[in-house]
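One structure is given here, and the rest of the page talks about it.
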Amino acid sequence: MDEVIVVRNLTKRFGAFTAVDDISFEVKKGEIFGFLGANGAGKTTVIRMLCGLSKPSSGNALVGGFDIRHQSEKIKANIGYMSQRFSLYEDLKVWENIKLFAGIYGMKKKDIAIKTDILLEELGFESQKETLVSALPLGWKQKLAFSVAIFHNPKVVFLDEPTGGVDPVVRRQFWELIYKTAEKGITVFVTTHYMDEAEYCDRISIMVDGRIEALDTPRALKEKFSSDSIDDIFYQLARNAKRKED
Amino acid sequence: MKAVRVNNISKAYKGKLALEDISFEVEKGELFGIIGPDGAGKTTLFRIMTTLILADEGEAKVDDYDVVKDYKLIRERVGYMPGRFSLYQDLTVIENLDFFASLFNTTVEENYDLIKDIYKQIEPFKDRRAGALSGGMKQKLALSCALIHKPSVLFLDEPTTGVDPVSRKEFWHMLKNLQKQGITIVVSTPYMDEANLCNRIALINNGEFLDIDSPQNLIKKFPKKLYSVEGDNMPKLLKTLRANDNIETCFSFGDCCHITLNNETKDNDYKEIQPSIEDYFIRLSK
Chain A
0 MDEVIVVRNL TKRFGAFTAV DDISFEVKKG EIFGFLGANG AGKTTVIRML
50 CGLSKPSSGN ALVGGFDIRH QSEKIKANIG YMSQRFSLYE DLKVWENIKL
100 FAGIYGMKKK DIAIKTDILL EELGFESQKE TLVSALPLGW KQKLAFSVAI
150 FHNPKVVFLD EPTGGVDPVV RRQFWELIYK TAEKGITVFV TTHYMDEAEY
200 CDRISIMVDG RIEALDTPRA LKEKFSSDSI DDIFYQLARN AKRKED
Chain B
0 MKAVRVNNIS KAYKGKLALE DISFEVEKGE LFGIIGPDGA GKTTLFRIMT
50 TLILADEGEA KVDDYDVVKD YKLIRERVGY MPGRFSLYQD LTVIENLDFF
100 ASLFNTTVEE NYDLIKDIYK QIEPFKDRRA GALSGGMKQK LALSCALIHK
150 PSVLFLDEPT TGVDPVSRKE FWHMLKNLQK QGITIVVSTP YMDEANLCNR
200 IALINNGEFL DIDSPQNLIK KFPKKLYSVE GDNMPKLLKT LRANDNIETC
250 FSFGDCCHIT LNNETKDNDY KEIQPSIEDY FIRLSK
């Protein structure tokens, strides 16, 4: 029961094109799992399936103990999701965004009100409660978006390039939020194009052309590939990709 | 003649300062990087240099033409690739290219040499609509369109944002080749590791330039000794280091932490290392 994500022979075809090709792996409770790959390797397709938004062509996966083929509504209540492109509504205030998303994730009104104040205090955002999200600096937005994604205490949170374009100091603060979240027992499934961030994960996988070509702890991968950086390993694996396109 | 000359440019949106007193010059044939996070003011600066918006104060010149008085002349001679994909999605690859060529009274054939290396990678898809291209192909098409009139200065606003590390390396390789053909390139990026590929860079944060110099010179300006400390568990390592009173700053960098000390002690166990641009940026932006 320690495994929060179990993927077995997961495959997704679009017509003659196999976007995700028979992948299998597990992710443990409270683990920070880095999901790397070149553009077009199939990462987004996998995440969409694990979030219950798209059905596999063959194979299956359990997320939080629920089957992605038949229990997608249960999955949606037990995961959080945040991406760089879509995170919060710019024209709503900070507290309105929290209320909206907490409601969507099925939280009770009373719980939302109490937890909102606790969250704002934790983030040091008390004075920004009434601020429109559009007026927040990007780094703050990303921290808030992340907090909103785990507000309902999901089993897994999916982060799709959460730190793209964020300044170097805030990027590191963001990772400290990730560590804290994992310590609470929430599994973090994260994609990134910053290879230094790959080193902060407990384990990482590297996807090439729809398949997982490497999966282990950063240290073990560096030993296996006789390399001193994940950047170098990524380059070794991904430059041979046949498809570089989404 | 300088390729770009910017003097004391400031710009505010609804009372909020986006750029504050920016000045710099770009030499002919230089690859000049503007490096900083989203929201730092990079796009505003690019739009001023490419005559798309007006600065509130200061002046800017491209190839000695003034961005206000001579805006038409500048538009003829610069290439601009905005951060957001701005080609016609319902035209095919070749239709987009022909269209941009005809806007500048030229043809694809006339300047084919310049775009050849980039365009040939998307040529097999030349009859596909631009909207149906992948991210990487769109980027190559946009660069081809920005180059088709053989611009003297090429402005690229965050061409590699959201692009994976392998494709980013390839893109910079293309830029280096364009530079060899005599084109001045001004490029912005939030990725600090790309700084080293530029001749000179400006570090930008909150609308201000923090410093301008070659990457080699910038890291020499790092004011303290920088040490690297390794550890298996980053949260634990950070906690331990922060509890140490003699550690002035401490930031994670991959599998280790980079630290500076309040007081340099003899025979400390830390390994001294060369600072990177990211170390220097963090130092300046605090």
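In the order they appear, the protein sequences are chains A and B.
Quick note: the first sequence uses numbering that gives the first Met the number 0, first residue 0, plus one each step.
Quick note: the second sequence uses numbering that gives the first Met the number 0, first residue 0, plus one each step.
Ideal placement from N, C-alpha and C gives every residue a C-beta, glycine not left out.
Please read these numbers as outputs of a predicted model, since none were measured by experiment.
_I'd like to know whether the C-beta of A/PHE100 is nearer than 9 Å to at least one C-beta of chain B._
no
*Please say whether A/VAL6 and A/GLU25 have beta carbons closer to each other than 9 Å?*
yes
*asked:* Am I right that B/VAL165 and A/ARG238 are in contact with their C-beta atoms under 8 Å? What's the rounded C-beta distance?
replied: 5 Å
*Indicate whether at least one CB of chain B lies closer than 9 Å to the CB of A/TRP174.*
yes
*Can you name, in chain order, every residue of its own chain whose Cβ lies under 7 Å from the Cβ of B/ARG241, other than the five neighbours on each side?*
CYS249
_Classify B/MET0: buried if its beta carbon has 16 or more other beta carbons within 10 angstroms, exposed otherwise._
exposed
*For B/ASN7, which of helix, strand or coil comes out of DSSP?*
strand
*Should A/ALA213 be flagged as near chain B, meaning a C-beta pair shorter than 9 Å?*
no
*Note down the Cα distance separating A/ALA101 from A/GLY63, rounded to an integer number of angstroms.*
19 Å
*How would you list, in chain order, the residues of chain B whose beta-carbon sits under 7 Å from the beta-carbon of A/MET206?*
Those do not exist, as A/MET206 stays about 11 Å from chain B at its closest Cβ, beyond 7 Å.
*Is the stretch 198 to 208 of chain A in contact with the stretch 158 to 167 of chain A, if contact means three or more CB pairs nearer than 8 Å?*
no
_Short of 8 Å Cβ to Cβ, which residues in the stretch 265 to 283 of chain B face chain C?_
Any reference to chain C falls outside this structure, whose protein chains are A and B.
*Report the residue ranges of all beta strand (DSSP E) runs contained in full by the stretch 140 to 224 of chain B; include only those spanning at least 3 residues, in chain order.*
152 to 156, 183 to 188, 199 to 204, 207 to 212
*Of the choices B/PHE103, B/ASN198, B/PRO222, whose alpha-carbon is the least far from that of B/ILE211?*
B/ASN198
_On the criterion of 16 or more Cβ atoms from any shown chain inside 10 Å, does B/GLN215 qualify as buried, or is it exposed?_
exposed
*If we ignore side chains and look at the alpha-carbon of each, how far apart do A/VAL207 and B/VAL162 end up?*
15 Å
*Determine the direct distance from the alpha carbon of A/SER82 to that of A/ALA148, and round the result to whole angstroms.*
10 Å
*Could you name the residues of the stretch 39 to 65 of chain B whose beta carbon sits closer than 9 Å to any beta carbon of chain A, in the order they occur along the chain?*
ALA39
_Neighbour list for B/VAL165 in chain A, Cβ cutoff strictly below 8 Å_ = ALA37, PHE233, TYR234, ALA237, ARG238, ALA240, LYS243
*C-alpha gap between A/PHE157 and B/ASP116, whole angstroms*: 38 Å
*Roughly how many angstroms lie between the CA atoms of A/VAL132 and A/LYS98, to the nearest whole one?*
13 Å
*Apart from the five residues on each side of it in sequence, which residues of its chain come closer than 8 Å, Cβ to Cβ, to B/LYS224?*
THR259, LEU260, GLU263, GLU271
*asked:* One question on the structure: do A/LYS154 and A/ILE78 come within less than 9 Å of each other, judged by their Cβ atoms?
replied: yes
*Hey, B/GLY253 and A/ILE229: beta-carbon distance below 9 Å or not?*
yes
*Contact check, B/VAL228 vs B/TYR279 under 8 Å by CB: the rounded distance?*
About 19 Å; that fails the 8 Å criterion.
*Which residues of chain B have a Cβ atom closer than 9 Å to the Cβ of A/PRO161, listed in chain order?*
Residues of chain B passing the Cβ test: none, with the nearest at roughly 12 Å.
*Which residues, in chain order, does the stretch 41 to 57 of chain A contribute to contact with chain B at a C-beta distance below 8 Å?*
none
*Identity of the residue in B/PHE84, B/LYS220, B/LYS265, B/LEU236 nearest B/ILE281 by Cα*: B/LYS220
*asked:* Please report the distance separating the alpha-carbon of A/GLU121 from that of A/MET106.
replied: 20 Å
_Contact set between the stretch 247 to 267 of chain B and chain A, restricted to residues whose Cβ is under 7 Å from the partner_ = PHE250, SER251, PHE252, GLY253, ASP254
*asked:* Output needed in chain order: residues of the stretch 130 to 146 of chain B with a Cβ under 7 Å from some Cβ in chain A.
replied: SER133, GLY134, GLY135, MET136
*Contained beta strand (DSSP E) runs [length at least 3] in the stretch 115 to 191 of chain A, N- to C-terminal order*: 155 to 159, 186 to 190
*Given 8 Å as the limit, is there contact between the stretch 11 to 29 of chain B and the stretch 188 to 206 of chain B, that is, 3 or more CB pairs closer than that?*
yes
*Mind the definition here: the stretch 132 to 148 of chain B touches the stretch 74 to 82 of chain B only if three or more C-beta pairs lie below 8 Å; say whether that holds.*
yes
*Is A/ILE205 helix, strand or coil when you go by DSSP?*
strand
*Taking B/GLY161 as the query, report the chain A residues whose CB atoms sit under 9 Å from its CB, ordered along the chain.*
ASN38, GLN83, ARG84, GLU160, GLY163, GLY164, HIS192
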